[in-house]
Amino acid sequence: MKTTDIKRQFGATVKTWRLRRGLSQEKLAELAHLHRTYITDVESGSRNLSLESIKRLAMALEISLSALFADPATLPKLLGDPRRPGAEATLVDILLVDDNRRDVVLTRRAFEKAGLANHLHVVNDGAEALDFLFGAGRHLSRKGETCPQVMLLDLHLPKVSGLEVLRRVKSDPRMQEIYVVTLTASMKNPDIKESRRLGANGHIVKPINFDRLAKVMPKLKFMWALLKS
24 MKTTDIKRQF GATVKTWRLR RGLSQEKLAE LAHLHRTYIT DVESGSRNLS
74 LESIKRLAMA LEISLSALFA DPATLPKLLG DPRRPGAEAT LVDILLVDDN
124 RRDVVLTRRA FEKAGLANHL HVVNDGAEAL DFLFGAGRHL SRKGETCPQV
174 MLLDLHLPKV SGLEVLRRVK SDPRMQEIYV VTLTASMKNP DIKESRRLGA
224 NGHIVKPINF DRLAKVMPKL KFMWALLKS
């Protein structure tokens with residue numbers, strides 16, 4: 024493939040992801056700490072990019088580096104056409120609820136290593152998790168928004184326990200379909216039995232890695248992203 028073709032393909036992929044995230048070129052430039060005209064040139068395929076700029080774009084779009092190099096022709100099938108109102112995306116949104124900063128970093132690293140391009144939301148305590156899901160408090164702007172399809176839930180959380188978050192989620196008809204995987208330091212944790220009773224779909228011993236994630240999510244397809252089956 025010619026260099027010009029590679030740049031055009033990369034630019035088309037960036038644009039697809041930008042539209043998927045609902046970002047203007049100005050907003051993407053702001054998030055990536057780049058100039059607006061730089062984004063325009065990237066999307067038109069006329070800009071030679073540095074590795075640092077590519078990393079900035081991936082972080083601003085909240086996707087992995089590998090996702091930026093996916094063939095744009097395949098993206099509409101995976102995501103739905105982001106320019107078409109009502110298009111159904113097949114990428115799974117994931118909510119990670121964990122107060123351990125090191126474990127959050129390790130989880131992000133595991134996703135990047137596996138090439139998973141899913142949007143990973145992170146909250147650090149049980150109270151914020153409930154606000155995020157129910158559109159309250161600092162997450163009031165999310166009221167009425169679609170809930171994430173997967174929740175990775177630490178059992179030991181400050182403010183509101185993981186078990187209480189799980190109980191609230193599984194007792195609400197709007198959220199019963201969320202695929203909840205509880206996170207624990209040991210499978211001998213007595214809370215695991217209670218989490219099963221409350222409706223947890225699986226359990227992972229931290230830290231998270233791709234193999235452990237794949238084993239507890241048989242209903243999801245693992246390609247370069249977690250997809251709805």
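For the sequence shown, the numbering used here gives the first residue as 24, with consecutive numbering after it. All C-beta atoms in this analysis are idealised placements derived from N, C-alpha and C, irrespective of residue type, glycine included. As the structure is a prediction and not an experimental result, all values here were calculated from the model.
ILE215 sits in a helix when the DSSP states are folded into three classes. Secondary structure remark: continuous beta strand (DSSP E) runs of at least 3 residues inside the stretch 117–180, in chain order: 117–120, 143–146 and 173–177. Going by C-alpha positions, LEU91 is about 42 Å away from PRO213.
In the DSSP secondary-structure assignment, LEU206 is bridged to ASP177 and ILE227. The beta carbon of GLY225 lies closer than 6 Å to those of VAL204 and VAL239 in the same chain, with the five residues before and after it left out.
The way I'd put it, the stretch 67–76 doesn't touch the stretch 126–133; fewer than three beta-carbon pairs between them come closer than 8 Å. Annotation for ASP234: the continuous alpha helix (DSSP H) segment containing it runs 233–238. Of the residues assessed, THR207 falls on the buried side of the cut-off, its CB having 16 or more other CB atoms within 10 angstroms. Separation of VAL65 and LEU163 (C-alpha to C-alpha, rounded to the nearest whole angstrom) is 35 Å. Secondary structure at LEU80: helix, using DSSP grouped into helix, strand and coil. Scanning SER67, ARG59 and LEU57 for the CA closest to the CA of ASP28 turns up SER67. In this structure, ASP122 lies near ASN147, with their beta-carbon atoms less than 8 Å apart.
When C-alpha distances from PRO196 are compared across SER218, PHE157 and LEU180, the shortest belongs to PHE157. In the structure shown, GLN199 falls within a coil segment according to DSSP collapsed to helix, strand and coil.
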